[in-house]
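In our numbering, the protein residues as written are 463 to 1063. So the structure is just underneath, and the comments pick up after that.
Below, the structure is given as structure tokens:
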């Protein structure tokens, strides 16, 4: 055990003074941190601090909940990097949806009888079934504002009564199709709140399990998610730390709290810390961000001419696509990995990808809509299978081998002591298994062969152990669904390349320029960012939600480490575009004196 006063950051990392104070804070904590301030690193260091000082003693655990799968996965990876294996296995990183579902699947029998549902239920990922039933009761589910207003009726909290209309819709979902209940993740969240209110023993069990709780990207927390957090840990001995940035709040359309930090401050009485250093972006980009968010917290930085900030305008989107592809080709030819470059759009990437892909093919560059892969690749079963395949093909071998071997040791109930005879046995078994996977992979000829190999991998680790560690797979059908999706995507890449190493690298994103929405880019960083279509038509939400639209642009710029480009096309999809609604954005860039405006003709 290390004394609190003797603890130092792992790997000799230097944290800014406020960050170090937040790491060592023993009470509830609220950390407001701008882009590139190192929120993930702060939480990983705090994990190391809590475990090594025994402030989180065995068998207690640390729970981290995030809004997005990739944020949860990134935090877990950083914690594994900064901590001993015997510590990192006591760290649980989940999305709010996954956390709520794990509680629901484990304790659902404690629900009041009026909320009875079938033993097997289906998750309505797109909320299509819910919208269909809502429309039968006069709720126009495709009108976002109307649907958001209805949710307070559909998910009553704090003693509010549920309307007859809402109850009828609930009944329709619980009856479901063919006797199988249908639930959205928000419905699961609300049912868990009901469950916990009626079962204080379950609440105490949760609190006894998790001595410390982290909430990442707290500004995007929804009302239901915050109520779940309070139901679990309000007025408890568990310590809660939230981190986020109110200037990056871009999930209001999805029900994010209007004033999350203020509510947390009132409810949990936390110590407050503000991080101002941006360790990601160069000073030129930081200065531009400051112009978009002028506060007394972070003054302008000294001028630095490194990096490019440019606003491009074109006659049409074909010329735009060709110029973007041309510039990216230059970056790649100068040694830039394609996955260090990102194409961002405000929404609907499918409306842009055809013309971009056509132009990029001229220069021999691959792009893909990352929205089709991002969630799939962050699934724990996908990570496990791909790590096995990477080890078999000697791709990032040291990292992939370590992850699968440590997982096998954990599932075997063994510690990592080299003196343990069981260690040597498992080591030989794992090496033999990887060699067998390598041999089998080279004999895969059709998708069914690949799926059989996936099943062999799952069986080697034992599906029951996988379900115990990753509770989201307690319903075996979900595990099978993800495995089938991964199988389909990976085999498609193999058909293109006729080479398994290339296929595995490509599905992992190597050698490909990603195209994604600004929302999907949260928590990510790239050397160079191209924001395609900075226009009224893509930022139409500015009319009703100017603060959130501005936050979206702030997020887009802050993903860039060195270069940021934005584009505007006078015509797109044979329609005229303008920038009068969002003229403020262009005025800020112009007045900053940092952005070069270039007209291509």
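From the three backbone atoms N, C-alpha and C, an ideal C-beta is built for every residue, glycine too.
Let me make sure I understand the geometry here. Which of the options has the alpha-carbon closest to that of residue i?
{"i": "residue 473", "options": "542, 532, 742 and 480", "result": "542"}
{"i": "residue 914", "options": "923, 924, 902 and 975", "result": "902"}
{"i": "residue 1046", "options": "909, 754 and 968", "result": "754"}
{"i": "residue 897", "options": "526, 960 and 852", "result": "852"}
{"i": "residue 833", "options": "815, 722, 846 and 820", "result": "815"}
{"i": "residue 840", "options": "752, 778, 621 and 528", "result": "528"}
{"i": "residue 985", "options": "791, 682 and 611", "result": "682"}
{"i": "residue 1022", "options": "945, 805 and 971", "result": "805"}
{"i": "residue 613", "options": "525, 710 and 718", "result": "718"}
{"i": "residue 844", "options": "944, 908 and 465", "result": "944"}
{"i": "residue 746", "options": "640, 585 and 1051", "result": "1051"}
{"i": "residue 1016", "options": "822, 752 and 602", "result": "752"}
{"i": "residue 953", "options": "1042, 597 and 911", "result": "911"}
{"i": "residue 940", "options": "464, 486 and 560", "result": "560"}
{"i": "residue 488", "options": "907, 1041, 673 and 862", "result": "673"}
{"i": "residue 698", "options": "685, 668 and 793", "result": "668"}
{"i": "residue 586", "options": "531, 650 and 574", "result": "650"}
What are the start and end residues of the beta strand (DSSP E) that includes residue i?
{"i": "residue 1024", "result": "1022-1034"}
{"i": "residue 706", "result": "701-706"}
{"i": "residue 773", "result": "771-778"}
{"i": "residue 526", "result": "523-528"}
Is the beta carbon of residue i sitting closer than 7 Å to the one on residue j?
{"i": "residue 562", "j": "residue 678", "result": "no"}
{"i": "residue 737", "j": "residue 1013", "result": "no"}
{"i": "residue 502", "j": "residue 476", "result": "no"}
{"i": "residue 630", "j": "residue 583", "result": "no"}
{"i": "residue 671", "j": "residue 523", "result": "yes"}
{"i": "residue 506", "j": "residue 544", "result": "yes"}
{"i": "residue 554", "j": "residue 777", "result": "no"}
{"i": "residue 617", "j": "residue 652", "result": "yes"}
{"i": "residue 732", "j": "residue 490", "result": "yes"}
{"i": "residue 850", "j": "residue 938", "result": "no"}
{"i": "residue 1001", "j": "residue 808", "result": "yes"}
{"i": "residue 854", "j": "residue 900", "result": "yes"}
{"i": "residue 966", "j": "residue 916", "result": "no"}
{"i": "residue 801", "j": "residue 932", "result": "no"}
{"i": "residue 657", "j": "residue 558", "result": "no"}
{"i": "residue 676", "j": "residue 526", "result": "yes"}
{"i": "residue 654", "j": "residue 565", "result": "yes"}
Return the CA-CA distance between residue i and residue j, expressed in angstroms with no decimal places.
{"i": "residue 772", "j": "residue 1055", "result": "11 Å"}
{"i": "residue 496", "j": "residue 740", "result": "7 Å"}
{"i": "residue 547", "j": "residue 868", "result": "8 Å"}
{"i": "residue 1060", "j": "residue 1044", "result": "18 Å"}
{"i": "residue 469", "j": "residue 743", "result": "29 Å"}
{"i": "residue 540", "j": "residue 1035", "result": "42 Å"}
{"i": "residue 1037", "j": "residue 813", "result": "13 Å"}
{"i": "residue 625", "j": "residue 708", "result": "33 Å"}
{"i": "residue 509", "j": "residue 492", "result": "16 Å"}
{"i": "residue 796", "j": "residue 790", "result": "10 Å"}
{"i": "residue 621", "j": "residue 734", "result": "31 Å"}
{"i": "residue 647", "j": "residue 1057", "result": "42 Å"}
{"i": "residue 877", "j": "residue 927", "result": "Residue confidence is low: residue 877 scores 49 on pLDDT, short of 50, so the model does not pin down where it sits. Its coordinate-derived value is still stated next. Spanning the two alpha carbons is a distance of roughly 16 Å."}
{"i": "residue 969", "j": "residue 979", "result": "19 Å"}
{"i": "residue 761", "j": "residue 750", "result": "In this prediction, residue 761 has a pLDDT of 47, which is less than 50 and means its spatial position is unreliable; nothing more can be read from the coordinates."}
{"i": "residue 960", "j": "residue 905", "result": "12 Å"}
{"i": "residue 787", "j": "residue 818", "result": "8 Å"}
{"i": "residue 859", "j": "residue 748", "result": "37 Å"}
{"i": "residue 998", "j": "residue 1019", "result": "18 Å"}
{"i": "residue 1049", "j": "residue 1042", "result": "11 Å"}
{"i": "residue 1063", "j": "residue 823", "result": "22 Å"}
Assuming residue i is part of the alpha helix (DSSP H), what are its boundary residues?
{"i": "residue 475", "result": "Element bounds for residue 475: n/a, residue is neither H nor E."}
{"i": "residue 536", "result": "531-544"}
{"i": "residue 828", "result": "Here residue 828 belongs to no alpha helix (DSSP H), and DSSP marks it neither H nor E."}
{"i": "residue 752", "result": "745-754"}
{"i": "residue 481", "result": "479-486"}
{"i": "residue 629", "result": "626-637"}
{"i": "residue 506", "result": "501-514"}
{"i": "residue 927", "result": "925-931"}
{"i": "residue 856", "result": "Careful: residue 856 lies outside any alpha helix (DSSP H) and carries neither H nor E."}
{"i": "residue 838", "result": "836-840"}
{"i": "residue 955", "result": "938-959"}
{"i": "residue 737", "result": "Element bounds for residue 737: not the alpha helix (DSSP H) but the beta strand (DSSP E), 733-737."}
- Stretch-stretch touch, CB-based, cutoff 8 Å, three pairs: the stretch 505-515 with the stretch 655-662: They do not touch, by the three-pair rule.
- Inspect the CB distances between the stretch 816-828 and the stretch 973-990 and report whether three or more fall short of 8 Å. With the rule of 3 Cβ pairs closer than 8 Å, the stretch 816-828 counts as touching the stretch 973-990.
- Sufficient close CB pairs (3 or more, under 8 Å) joining the stretch 569-586 to the stretch 632-639: Yes, they touch.
- Item | contact_flag[the stretch 988-1003, the stretch 1016-1030] where n(CB pairs < 8 Å) is 3 or more | Enough Cβ pairs lie closer than 8 Å, so yes.
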